[in-house]
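Asks: FYI, full-length UniProt numbering numbers position 13 of the sequence shown as 13, with every residue one higher than the one before it. All C-beta atoms, glycine included, are put in the ideal place defined by N, C-alpha and C. Bear in mind the structure is a predicted one, so any value in this text is a computation, not a measurement.
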Amino acid sequence: MTDDRMALRALLEKGSHADLLREMVELVAQRLMDFVVESLCGAGHGERSQERINHRNGYRDRRWETRAGAVDLKIPKLRRGSYFPAFLEPR
(Lines of atoms letter the chains of each structure in order from A and count residues from 1; the text may use other names and numbers.)
(Lines give C-alpha, C1' and ligand atoms only; values in the text may rest on other atoms or scores of the structure.)
Protein backbone atom coordinates (compact mmCIF):
# COMPACT_ATOMS: atom_id res chain seq x y z
CA MET A 1 0.00 0.00 0.00
CA THR A 2 2.94 2.34 0.65
CA ASP A 3 4.10 1.90 -2.95
CA ASP A 4 0.64 2.97 -4.15
CA ARG A 5 0.78 6.12 -2.04
CA MET A 6 4.24 6.93 -3.34
CA ALA A 7 3.05 6.41 -6.92
CA LEU A 8 0.04 8.69 -6.32
CA ARG A 9 2.27 11.35 -4.76
CA ALA A 10 4.60 11.21 -7.78
CA LEU A 11 1.59 11.60 -10.11
CA LEU A 12 0.25 14.57 -8.16
CA GLU A 13 3.60 16.35 -8.37
CA LYS A 14 3.48 16.25 -12.18
CA GLY A 15 2.35 19.35 -14.03
CA SER A 16 -0.12 18.48 -16.81
CA HIS A 17 -3.67 17.78 -15.63
CA ALA A 18 -4.59 15.68 -18.69
CA ASP A 19 -1.59 13.39 -18.22
CA LEU A 20 -2.26 13.24 -14.49
CA LEU A 21 -5.83 12.03 -15.00
CA ARG A 22 -4.81 9.45 -17.62
CA GLU A 23 -2.02 8.08 -15.42
CA MET A 24 -4.32 7.93 -12.40
CA VAL A 25 -6.87 5.95 -14.44
CA GLU A 26 -4.06 3.60 -15.47
CA LEU A 27 -2.84 3.17 -11.88
CA VAL A 28 -6.33 2.50 -10.48
CA ALA A 29 -7.21 0.04 -13.27
CA GLN A 30 -3.94 -1.83 -12.80
CA ARG A 31 -4.39 -2.09 -9.02
CA LEU A 32 -8.02 -3.20 -9.46
CA MET A 33 -6.90 -6.03 -11.76
CA ASP A 34 -4.16 -7.00 -9.28
CA PHE A 35 -6.67 -7.20 -6.41
CA VAL A 36 -9.08 -9.35 -8.43
CA VAL A 37 -6.32 -11.72 -9.59
CA GLU A 38 -4.96 -11.98 -6.03
CA SER A 39 -8.40 -13.12 -4.87
CA LEU A 40 -8.67 -15.60 -7.77
CA CYS A 41 -5.25 -17.06 -6.94
CA GLY A 42 -5.65 -17.08 -3.18
CA ALA A 43 -2.34 -15.25 -2.69
CA GLY A 44 -0.60 -12.04 -3.69
CA HIS A 45 1.98 -11.69 -6.47
CA GLY A 46 5.09 -13.63 -5.45
CA GLU A 47 3.50 -14.66 -2.14
CA ARG A 48 3.56 -18.25 -0.90
CA SER A 49 0.38 -19.48 0.70
CA GLN A 50 -1.28 -22.78 1.64
CA GLU A 51 -4.56 -21.33 0.34
CA ARG A 52 -3.17 -20.69 -3.16
CA ILE A 53 -5.43 -22.23 -5.80
CA ASN A 54 -3.89 -20.76 -8.97
CA HIS A 55 -0.75 -19.00 -10.21
CA ARG A 56 -0.06 -15.99 -12.39
CA ASN A 57 1.46 -16.70 -15.77
CA GLY A 58 2.69 -13.41 -17.20
CA TYR A 59 0.80 -10.47 -18.67
CA ARG A 60 -1.09 -9.59 -21.83
CA ASP A 61 -0.78 -6.03 -23.13
CA ARG A 62 -4.00 -4.19 -23.95
CA ARG A 63 -4.64 -0.60 -24.99
CA TRP A 64 -7.76 0.93 -23.42
CA GLU A 65 -9.29 4.04 -24.94
CA THR A 66 -10.82 6.26 -22.24
CA ARG A 67 -12.11 9.82 -22.14
CA ALA A 68 -8.88 10.71 -20.34
CA GLY A 69 -6.81 9.27 -23.21
CA ALA A 70 -5.32 5.95 -24.26
CA VAL A 71 -4.14 3.79 -21.36
CA ASP A 72 -1.73 0.87 -21.79
CA LEU A 73 -2.65 -1.96 -19.40
CA LYS A 74 -0.92 -5.20 -18.49
CA ILE A 75 -3.69 -7.76 -17.94
CA PRO A 76 -2.52 -10.61 -15.70
CA LYS A 77 -2.76 -14.12 -17.14
CA LEU A 78 -3.50 -17.17 -15.01
CA ARG A 79 -1.96 -20.61 -15.29
CA ARG A 80 -5.36 -22.33 -14.94
CA GLY A 81 -8.47 -20.71 -16.32
CA SER A 82 -8.65 -17.21 -17.67
CA TYR A 83 -9.12 -13.66 -16.48
CA PHE A 84 -10.40 -10.66 -18.37
CA PRO A 85 -11.41 -7.51 -16.48
CA ALA A 86 -15.13 -6.76 -16.55
CA PHE A 87 -14.53 -3.05 -17.14
CA LEU A 88 -12.93 -3.85 -20.54
CA GLU A 89 -15.76 -6.07 -21.79
CA PRO A 90 -18.00 -4.51 -24.45
CA ARG A 91 -21.34 -3.26 -23.21
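What number of angstroms, rounded off, separates the C-alpha of D72 from the C-alpha of V25?
Replies: So the two alpha carbons sit approximately 10 Å from each other.
Asks: Given this structure, state the Cα-to-Cα distance separating V28 from D3, to the nearest angstrom.
Replies: In a straight line, the C-alpha of V28 is about 13 Å away from that of D3.
Asks: Let's test the definition: count the other Cβ atoms within 10 Å of the Cβ of M6 and tell me whether it reaches 16, buried, or not, exposed.
Replies: Exposed, since its Cβ has fewer than 16 Cβ neighbours within 10 Å.
Asks: Return helix, strand or coil for R67, following the three-state DSSP convention.
Replies: In this structure, R67 counts as coil in the three-state DSSP scheme.
Asks: Count the other CB atoms, across all protein chains shown, that sit within 10 Å of the CB of P90; report buried if there are 16 or more and exposed otherwise.
Replies: Per the 10 Å Cβ criterion, exposed.
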